[in-house]
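Numbering (this note's numbering), first residue to last: 0 to 573.
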Amino acid sequence: MLATKLFFPTLKEDPAEATLISHKLMIRSGMIRQVASGIYNWLPLGLRVFQKTENIVRQEMNNIGGMEVMMPCVQPIELWEESGRWNDYGPELLRFTDRHNREFCMGPTHEEVVTDIVRKEISSHKELPLTLYQIHTKFRDEIRPRFGVMRGREFTMKDAYSFNLDEASLHESYSDMRNAYINIFNRVGVEFKIVDADSGSIGGSSSEEFNVLADSGENALALSEDGSYAANVELVPTFKLENPPPSPTMEMELIDTPGIYTVAGLEDKIGLPAFQGTKIMLVHAADWTKEKPSLIGLLLRGDRSLNYVKAEGLDEVKVPLTMASREEVTDIVGCPPGSIGPVNLKIPVIGDYEIAGLSDFVCGSNQNDKHYKGVNWGRDCPLPKLADLRNITSGEPSPSGGGNLTVRRGIEVGHIFKLGDKYSQSMNSFVTDDKGEKFPILMGCYGIGIDRVMAACIEQNHDDKGIIWPREVAPFAVTIIPLPLNDSEVMTKAKQLYDSLTAEGIEVLFDDRDLRAGNKFNNCDLLGIPLRIVVSSKSLQQKGLELKERAKDDPEIIPLDNAMNIIKDKLASY
RNA sequence: CGGGGUAUGGCGCAGCCUGGUAGCGCGCCUGCUUUGGGAGCAGGAAGUCGGGAGUUCGAAUCUCUCUACCCCGACCA
Numbered sequence: 000m001l002a003t004k005l006f007f008p009t010l011k012e013d014p015a016e017a018t019l020i021s022h023k024l025m026i027r028s029g030m031i032r033q034v035a036s037g038i039y040n041w042l043p044l045g046l047r048v049f050q051k052t053e054n055i056v057r058q059e060m061n062n063i064g065g066m067e068v069m070m071p072c073v074q075p076i077e078l079w080e081e082s083g084r085w086n087d088y089g090p091e092l093l094r095f096t097d098r099h100n101r102e103f104c105m106g107p108t109h110e111e112v113v114t115d116i117v118r119k120e121i122s123s124h125k126e127l128p129l130t131l132y133q134i135h136t137k138f139r140d141e142i143r144p145r146f147g148v149m150r151g152r153e154f155t156m157k158d159a160y161s162f163n164l165d166e167a168s169l170h171e172s173y174s175d176m177r178n179a180y181i182n183i184f185n186r187v188g189v190e191f192k193i194v195d196a197d198s199g200s201i202g203g204s205s206s207e208e209f210n211v212l213a214d215s216g217e218n219a220l221a222l223s224e225d226g227s228y229a230a231n232v233e234l235v236p237t238f239k240l241e242n243p244p245p246s247p248t249m250e251m252e253l254i255d256t257p258g259i260y261t262v263a264g265l266e267d268k269i270g271l272p273a274f275q276g277t278k279i280m281l282v283h284a285a286d287w288t289k290e291k292p293s294l295i296g297l298l299l300r301g302d303r304s305l306n307y308v309k310a311e312g313l314d315e316v317k318v319p320l321t322m323a324s325r326e327e328v329t330d331i332v333g334c335p336p337g338s339i340g341p342v343n344l345k346i347p348v349i350g351d352y353e354i355a356g357l358s359d360f361v362c363g364s365n366q367n368d369k370h371y372k373g374v375n376w377g378r379d380c381p382l383p384k385l386a387d388l389r390n391i392t393s394g395e396p397s398p399s400g401g402g403n404l405t406v407r408r409g410i411e412v413g414h415i416f417k418l419g420d421k422y423s424q425s426m427n428s429f430v431t432d433d434k435g436e437k438f439p440i441l442m443g444c445y446g447i448g449i450d451r452v453m454a455a456c457i458e459q460n461h462d463d464k465g466i467i468w469p470r471e472v473a474p475f476a477v478t479i480i481p482l483p484l485n486d487s488e489v490m491t492k493a494k495q496l497y498d499s500l501t502a503e504g505i506e507v508l509f510d511d512r513d514l515r516a517g518n519k520f521n522n523c524d525l526l527g528i529p530l531r532i533v534v535s536s537k538s539l540q541q542k543g544l545e546l547k548e549r550a551k552d553d554p555e556i557i558p559l560d561n562a563m564n565i566i567k568d569k570l571a572s573y
């Protein structure tokens with residue numbers, strides 16, 4: 000490919016709309032441009048990387064016997080009513096009507112449609128197991144799209160679905176898929192962790208997430224020292240305390256705390272350590288209705304954060320978890336949020352296990368601008384019902400016993416689920432087994448966000464000059480820069496090398512643009528192409544070429560007559 | 001949806017407080033020089049100042065309103 004023929008509008012400066020490094024670099028290198036919030040154009044250079052990523056996924060899916068299909072983006076309401084998700088899925092599901100006033104949605108995922116295919120066409124156990132997949136556009140009307148294609152509304156997902164007769168077969172499909180994912184992410188060139196995960200709105204029994212480790216990640220992962228335990232913090236259990244709290248040493252006392260409505264505020268202004276404080280979150284109770292709002296308080300130690308998944312697991316709490324509005328709190332409790340506490344609170348409270356260990360603690364007084372200090376369970380306020388409510392933090396012991404946990408950030412790029420018979424039951428997808436009995440087909444579903452993988456890959460592979468693409472996803476393997484353009488020997492040799500590499504199936508960007516060398520070098524670094532070859536009159540005098548790896552600082556001179564082999568070796572080792 | 005912010009040539013920004021001629025850098029076009037890490041000089045083109053309404057002799061600037069985009073929170077590949 001000649002650089003003069005490639006449309007890749009690069010930017011010297013960071014675009015104003017981007018904050019995340021991968022987002023900035025994708026725009027600056029001319030890979031993508033935004034069309035609307037969370038919706039992007041893929042320009043030629045971006046699409047090259049996109050298709051390479053897609054093809055790695057496709058190859059690995061085919062390797063485990065997956066069969067590619069393509070299902071529609073637009074899906075009818077009927078299928079979603081059957082599965083029950085027309086109600087369960089919130090405003091994230093983009094719904095609309097056609098000219099005949101029939102209702103449709105843009106598919107955020109394809110369980111319903113794929114189940115519909117299978118229930119109509121498969122009726123015997125002899126036709127199982129079956130794995131279907133597609134690489135296709137999805138639409139989720141995210142509340143807040145951000146970070147470029149990392150969290151877009153329109154995005155591309157590889158979604159695979161396995162259909163199995165029994166648990167053993169499901170498990171086999173699941174572990175094949177798991178291995179395929181490991182191959183995929185290794186080939187894409189990202190460092191990742193597989194963690195146990197919550198199965199969320201998709202439903203199903205067990206699931207694992209593939210997370211690319213990156214500080215910018217939205218997931219928090221708990222990893223044990225010895226590697227024996229890895230889970231999304233949403234899932235990591237905490238336990239009842241063994242020991243009773245220390246004996247009280249203080250009397251309960253009402254103190255003035257004007258303008259202080261947060262634990263951080265107490266810490267700043269009256270020097271209270273956050274772990275001596277408490278906080279209470281008021282959420283909608285299970286029997287909450289608009290007409291009759293009823294709330295429940297969730298009490299945590301001041302320095303802890305509420306775990307939403309655990310909270311939603313409580314019978315008393317409305318799902319999805321909804322924080323009470325300021326008005327609801329004021330109406331029901333009699334004072335606005337920020338000064339609420341368990342002493343004489345009029346609504347039920349569930350406390351995190353850990354609060355049982357507190358004595359002489361500080362809490363809100365249910366009067367504005369005042370807190371209690373020196374509060375003790377039993378004497379001043381009954382100990383509430385306890386449950387596991389909080390997120391684990393770095394340094395706590397692993398549930399597996401394998402040392403302490405470290406919490407790290409990760410970008411979720413893949414998720415695999417055992418769905419079981421959730422969709423088969425609700426959508427009536429059954430097969431007859433060898434004894435003539437009917438069983439619901441067991442399903443697994445397996446997703447990879449293609450766009451997200453690319454962004455995550457850049458998060459892990461860049462420097463201050465630009466992207467450093469891993470070999471398999473790089474838009475080109477090699478750039479050739481002839482210097483100067485008007486030297487006929489340089490051009491001849493450069494062209495010969497270009498032709499030889501191209502003939503070997505190696506993708507080369509030939510920079511024939513009439514630009515200064517510095518422009519080309521900087522562009523080349525920005526685009527992140529693994530190998531750069533400079534053919535110059537200077538190096539030709541020594542019968543050599545200059546070769547520089549993107550990931551390394553210094554170039555080397557390689558002999559012209561052996562250049563092909565050296566380049567091929569370099570690429571092979573990349 | 002709650003909170004915060006931004007909107008001015010293609011891109012990045014200043015100007016707004018204190019109303020009066022729309023400016024800078026990069027990019028773009030022409031010419032000359034230069035030519036290994038985002039060149040120099042000279043000349044040039046390009047802006048409904050996000051939309052609408054209002055105040056005013058006069059609005060990028062003040063007021064109201066709408067919209068879009070970005071950031072922080074609840075969602076997920």
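Built from N, CA and C at the ideal position, the CB exists for glycine as well.
In this structure, serine 499 sits away from asparagine 390, with a CB-CB distance that is not shorter than 8 Å. Scanning the stretch 500-530 from its first residue to its last, the whole alpha helix (DSSP H) runs of 4-plus residues come out as 516-526.
The stretch 485-500 and the stretch 437-447 do not touch, with fewer than 3 CB-CB distances between them shorter than 8 Å. Contact annotation: isoleucine 346 and glycine 296 have beta-carbon atoms nearer than 8 Å. The stretch 175-183 makes no contact with the stretch 355-371: fewer than 3 CB pairs, one atom from each, lie closer than 8 Å. A distance below 7 Å between beta-carbons, with the five flanking residues on each side excluded, links glycine 543 to the following residues of its chain, in chain order: Ile556, Ile557, Pro558, Leu559. With at least 16 other beta carbons inside 10 angstroms of its own, glutamine 74 counts as buried. Counted as a single uninterrupted DSSP element, the stretch harbouring lysine 417 is not any alpha helix (DSSP H) but the beta strand (DSSP E) occupying residues 404-419. Apart from sequence neighbours up to five positions away, the residues of its chain that approach phenylalanine 95 with a beta-carbon distance below 7 Å are Phe103, ordered along the chain.
Within the model, the alpha-carbon separation for lysine 309 versus leucine 320 is close to 10 Å.
Residue range 38-41 is occupied by the beta strand (DSSP E) that includes tryptophan 41.
Around the beta carbon of threonine 431, a 10 Å sphere encloses fewer than 16 other beta carbons of the protein chains shown; the residue is thus reported as exposed. In this model, alanine 230 and proline 396 are separated by some 13 Å (Cα to Cα). Cβ neighbours of serine 21 within its own chain (closer than 6 Å, five residues either side excluded): Ala454, Ile457, Glu458. Shown here for isoleucine 134: same chain residues with a beta carbon closer than 7 Å to its own, the five before and five after excluded, namely Glu53, Val56, Arg57, Thr155, Lys157, Ile449 in chain order.
Here proline 529 is near glutamate 548, since their CB atoms are less than 8 Å apart.
The beta-bridge partner set that DSSP reports for glycine 465 consists of Asp462. For methionine 0, the three-state secondary structure derived from DSSP is coil.
Distance from the CA of alanine 35 to the CA of glutamate 16, rounded to the nearest whole angstrom, comes to 12 Å.
Contact check for glutamate 208 against glutamate 503 fails: the beta carbons are separated by 8 Å or more. Leucine 10 and threonine 329 have their C-alpha atoms spaced approximately 51 Å apart. Glutamine 540 is not bridged by DSSP to any residue. Following the DSSP letters along the chain, one finds valine 189 in no alpha helix (DSSP H), marked with neither H nor E. The alpha carbon of valine 348 has as its nearest neighbour, out of Ser324, Gly333, Lys384, Asn365, the alpha carbon of Lys384. For asparagine 86, there is no enclosing beta strand (DSSP E); the enclosing alpha helix (DSSP H) has its first and last residue at 84-87. Residue environment analysis places glutamate 233 among the buried positions, since at least 16 neighbouring C-beta atoms fall within 10 angstroms of its C-beta.
Shown here for proline 14: same chain residues with a beta carbon closer than 6 Å to its own, the five before and five after excluded, namely Ile26 in chain order. A check of alpha carbon separations from alanine 263 across Asp255, Thr277, Met251 identifies Thr277 as the nearest.
In the structure shown, leucine 482 adopts extended strand secondary structure according to DSSP, grouped into three states. Runs of the alpha helix (DSSP H) spanning 4 or more residues and lying entirely within the stretch 46-72 do not occur at all.
Measuring C-alpha to C-alpha distances from methionine 442 to each of Val148, Ser161, Leu253 identifies Ser161 as the nearest. In this structure the stretch 216-226 does not touch the stretch 183-191; the number of beta carbon pairs closer than 8 Å is below three. For leucine 44, same chain residues with a beta-carbon under 6 Å away, outside a window of 5 residues either side, are Phe7, Gly29, Met30, Pro474 in chain order. Sequence-distant partners of proline 257 (beyond 5 residues in either direction) whose C-beta falls short of 7 Å from its own C-beta, in its chain, are Asp368. With a threshold of 16 other beta carbon atoms within 10 Å, leucine 1 falls short and is exposed.
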